[in-house]
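Taken in order, the sequence shown gives residues 7 to 172; the numbers are from the working numbering. Let me begin by presenting the structure, written as structure tokens, before commenting on it.
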Amino acid sequence: MSIRPILSLRDACLRQPALPVTDVRTVQPLIDDLLDTLYATTNAVGLAAPQLGERPAVAVVDVSDARDCPLILINPQLLDASGYEVNREGCLSVPGVRAKVGRANRIQLRLQTRHGEWLQLQAADFLAAAIQHELDHLAGRVFIDHLPRWRQRWLYWRHPDWLRQH
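Have a look at this one:
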């Protein structure tokens, strides 16, 4: 479909929770845009609808080396999380910032597929972290929200334009 601009942290849309999708047919063009935009980047593995200024609870993740195995997440719900691992994360909406974030390293979630079927999925390690990162976006959070308060304040001090919302 099309490559769309990715919103930066200062856009208020990133802080609003996504809305449930009631008819998967209505989000098909958005899914195509999410995938086109994700694959136009060089190092991202996931993208959520709020990053494009959209409200439906839709995200895409692809951690495959060839970037040809997309996982479409519609109305994802985290059912279980276990283990803990700290990894460096970055975000297309927070360019130039990477930080260590702790997340569960095994998760189970319920989601709808692109065709509207409900299924349960288990994920581990890097895929689990990538999914949790996108679930944060759907909840109106970004990865720096997981950092200690002093680190968040330092980042906002370094990037005061993040505080100006459109």
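Yeah, the Cβ is synthetic: ideal placement off N, Cα and C, and Gly gets one too.
Residues sharing a beta bridge with residue i, DSSP
i    : result
G52  : V67
R109 : E91
A130 : R112
G59  : Answer is none; G59 lacks a bridge partner.
Cβ-Cβ distance between residue i and residue j below 8 Å
i    : j    : result
L125 : A63  : no
Q83  : L115 : yes
L77  : D68  : yes
I113 : D131 : no
L79  : E60  : no
L117 : L53  : no
A105 : L141 : no
A24  : A46  : no
L41  : A50  : no
Three-state secondary structure assigned by DSSP to residue i
i    : result
V103 : strand
D17  : coil
D151 : helix
R116 : strand
L79  : strand
L41  : helix
Q158 : helix
Q138 : helix
D86  : strand
D167 : helix
Q34  : helix
L144 : helix
Q22  : coil
L125 : strand
Presumed contact (8 Å Cβ cut-off) between residue i and residue j, rounded CB distance
i    : j    : result
N111 : G146 : With 8 Å as the limit, N111 and G146 do not qualify as a contact, their Cβ atoms being about 24 Å apart.
V30  : R120 : 7 Å
Residue i at chain D interface by Cβ criterion, 8 Å
i   : result
Y45 : Here there is only one protein chain, and chain D is not present.
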